[in-house]
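Undergrad: Under this note's numbering, the residue at position 18 of the sequence shown is numbered 192, and the numbers go up by one with no gaps. Every residue, glycine too, gets a C-beta built ideally from N, C-alpha and C. Keep in mind it's a predicted model, so treat the numbers as computed, not measured. Structure in C-alpha coordinates, see below.
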Amino acid sequence: MPNLDLALKDMMAIDGALGVAVVDYGSGMALGHLGSSNTFDLTVAAAGNTEVVRAKLRTMEQLGIQEEIEDILISISSQYHIIRPVTGRKGKGLFMYMVLDRSRANLALARHRLKDIEQNLEI
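Okay, here's the thing in C-alpha coordinates:
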(Lines of atoms letter the chains of each structure in order from A and count residues from 1; the text may use other names and numbers.)
(Lines give C-alpha, C1' and ligand atoms only; values in the text may rest on other atoms or scores of the structure.)
Protein backbone atom coordinates (compact mmCIF):
# COMPACT_ATOMS: atom_id res chain seq x y z
CA MET A 1 0.00 0.00 0.00
CA PRO A 2 1.48 3.31 -1.02
CA ASN A 3 2.39 5.83 1.62
CA LEU A 4 1.88 9.56 1.14
CA ASP A 5 5.13 10.24 -0.72
CA LEU A 6 4.60 7.36 -3.12
CA ALA A 7 0.98 8.36 -3.71
CA LEU A 8 2.05 11.92 -4.56
CA LYS A 9 4.69 10.61 -6.98
CA ASP A 10 2.12 8.31 -8.60
CA MET A 11 -0.26 11.25 -8.98
CA MET A 12 2.45 13.39 -10.61
CA ALA A 13 3.17 10.54 -13.06
CA ILE A 14 -0.31 10.98 -14.58
CA ASP A 15 -0.03 12.62 -18.01
CA GLY A 16 -0.57 16.35 -17.81
CA ALA A 17 -0.16 16.64 -14.01
CA LEU A 18 1.09 20.08 -12.99
CA GLY A 19 0.65 19.79 -9.25
CA VAL A 20 -0.85 17.46 -6.66
CA ALA A 21 -1.61 17.50 -2.96
CA VAL A 22 -3.20 15.47 -0.19
CA VAL A 23 -5.18 17.79 2.06
CA ASP A 24 -6.85 17.58 5.48
CA TYR A 25 -10.21 19.29 4.97
CA GLY A 26 -10.66 19.75 8.70
CA SER A 27 -7.72 22.15 8.88
CA GLY A 28 -7.18 23.07 5.23
CA MET A 29 -3.54 22.07 5.49
CA ALA A 30 -1.74 20.09 2.80
CA LEU A 31 -0.14 16.98 4.29
CA GLY A 32 2.08 16.84 1.24
CA HIS A 33 2.32 18.25 -2.25
CA LEU A 34 4.42 17.97 -5.41
CA GLY A 35 4.74 20.08 -8.50
CA SER A 36 5.09 23.75 -9.07
CA SER A 37 3.81 26.43 -11.33
CA ASN A 38 4.01 30.18 -11.64
CA THR A 39 0.24 30.27 -12.04
CA PHE A 40 -0.82 28.66 -8.76
CA ASP A 41 0.39 27.96 -5.22
CA LEU A 42 -0.55 24.46 -4.02
CA THR A 43 -0.81 25.47 -0.37
CA VAL A 44 -3.23 28.29 -1.24
CA ALA A 45 -5.15 25.92 -3.52
CA ALA A 46 -5.33 23.29 -0.76
CA ALA A 47 -6.84 25.77 1.69
CA GLY A 48 -9.25 27.22 -0.88
CA ASN A 49 -10.47 23.85 -2.11
CA THR A 50 -11.11 22.81 1.47
CA GLU A 51 -14.00 25.28 1.38
CA VAL A 52 -15.30 23.66 -1.82
CA VAL A 53 -15.33 20.22 -0.16
CA ARG A 54 -16.93 21.50 3.03
CA ALA A 55 -19.64 23.38 1.12
CA LYS A 56 -20.52 20.34 -0.98
CA LEU A 57 -20.65 18.05 2.06
CA ARG A 58 -22.92 20.55 3.88
CA THR A 59 -25.21 20.82 0.88
CA MET A 60 -25.45 17.05 0.52
CA GLU A 61 -26.30 16.75 4.22
CA GLN A 62 -29.01 19.42 3.94
CA LEU A 63 -30.48 17.61 0.95
CA GLY A 64 -30.37 14.26 2.72
CA ILE A 65 -28.03 12.73 0.15
CA GLN A 66 -26.46 9.67 1.79
CA GLU A 67 -23.82 9.01 -0.87
CA GLU A 68 -20.10 9.70 -1.03
CA ILE A 69 -18.51 12.20 -3.39
CA GLU A 70 -16.41 10.43 -6.02
CA ASP A 71 -14.76 13.58 -7.23
CA ILE A 72 -15.34 17.24 -7.91
CA LEU A 73 -14.16 18.60 -11.26
CA ILE A 74 -13.43 22.23 -11.95
CA SER A 75 -12.50 22.98 -15.53
CA ILE A 76 -11.00 26.26 -16.62
CA SER A 77 -9.79 27.14 -20.09
CA SER A 78 -6.27 25.74 -19.65
CA GLN A 79 -6.58 23.31 -16.72
CA TYR A 80 -8.62 20.66 -14.99
CA HIS A 81 -8.73 20.68 -11.19
CA ILE A 82 -9.81 17.38 -9.64
CA ILE A 83 -10.75 17.05 -5.96
CA ARG A 84 -11.18 13.47 -4.77
CA PRO A 85 -12.17 12.83 -1.13
CA VAL A 86 -10.38 9.84 0.37
CA THR A 87 -12.99 7.29 1.42
CA GLY A 88 -10.81 4.63 2.99
CA ARG A 89 -10.96 4.05 6.73
CA LYS A 90 -7.47 5.47 7.24
CA GLY A 91 -8.03 8.52 5.07
CA LYS A 92 -11.30 9.98 6.34
CA GLY A 93 -11.15 13.77 6.42
CA LEU A 94 -8.65 13.96 3.56
CA PHE A 95 -8.92 14.75 -0.12
CA MET A 96 -6.59 14.40 -3.05
CA TYR A 97 -6.15 17.45 -5.26
CA MET A 98 -4.73 17.45 -8.75
CA VAL A 99 -4.15 20.14 -11.36
CA LEU A 100 -3.87 18.94 -14.95
CA ASP A 101 -2.76 20.75 -18.09
CA ARG A 102 -5.89 20.51 -20.19
CA SER A 103 -3.98 20.31 -23.49
CA ARG A 104 -1.95 17.25 -22.39
CA ALA A 105 -4.27 15.39 -20.03
CA ASN A 106 -6.74 12.61 -20.67
CA LEU A 107 -9.41 13.43 -18.08
CA ALA A 108 -11.04 9.98 -18.02
CA LEU A 109 -7.70 8.24 -17.58
CA ALA A 110 -6.58 10.72 -14.90
CA ARG A 111 -9.79 10.14 -12.91
CA HIS A 112 -9.35 6.38 -13.22
CA ARG A 113 -5.71 6.50 -12.03
CA LEU A 114 -6.61 8.85 -9.18
CA LYS A 115 -9.29 6.40 -8.03
CA ASP A 116 -6.73 3.57 -7.97
CA ILE A 117 -4.23 5.66 -6.01
CA GLU A 118 -6.92 6.77 -3.55
CA GLN A 119 -8.04 3.22 -2.86
CA ASN A 120 -4.51 2.23 -1.85
CA LEU A 121 -3.59 5.36 0.07
CA GLU A 122 -2.64 4.89 3.71
CA ILE A 123 -1.84 7.82 5.95
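1. I need the boundaries of the beta strand (DSSP E) containing Val273, first residue and last residue.
2. Determine the extent of the alpha helix (DSSP H) in which Asp198 is found, giving its start and end residues.
3. Are the stretch 250–261 and the stretch 176–184 in contact at 8 Å, needing three or more beta carbon pairs?
4. Does the stretch 206–219 come into contact with the stretch 235–248, if we say contact requires no fewer than three beta-carbon pairs (one atom in each stretch) closer than 8 Å?
5. On the criterion of 16 or more Cβ atoms from any shown chain inside 10 Å, does Arg278 qualify as buried, or is it exposed?
6. Compute the Euclidean distance between the alpha carbons of Met185 and Asp245, then round it to the nearest angstrom.
7. Tell me where the alpha helix (DSSP H) around Leu205 begins and ends.
8. Report the three-state DSSP secondary structure of Arg278 (helix, strand or coil).
9. Span of the alpha helix (DSSP H) holding Leu247?
10. Give me the Cβ distance between Lys230 and Ile243, rounded to the nearest whole Å; I'm assuming they're in contact under 8 Å.
11. The beta strand (DSSP E) spanning Gln236 covers which residue range?
12. Are the beta-carbon atoms belonging to Gly206 and Gly193 less than 7 Å from one another?
TA: With the structure as the only source:
1. Leu268 to Asp275
2. Here Asp198 belongs to no alpha helix (DSSP H); instead the beta strand (DSSP E) covers Ala191 to Asp198.
3. no
4. no
5. exposed
6. 15 Å
7. Per DSSP, Leu205 belongs to no alpha helix (DSSP H); it is in the beta strand (DSSP E), Met203 to Gly209.
8. coil
9. Not the alpha helix (DSSP H): Leu247 falls in the beta strand (DSSP E), residues Ile246 to Ser249.
10. 6 Å
11. Where Gln236 is concerned, there is no enclosing beta strand (DSSP E), although the alpha helix (DSSP H) it sits in stretches over Leu216 to Leu237.
12. no
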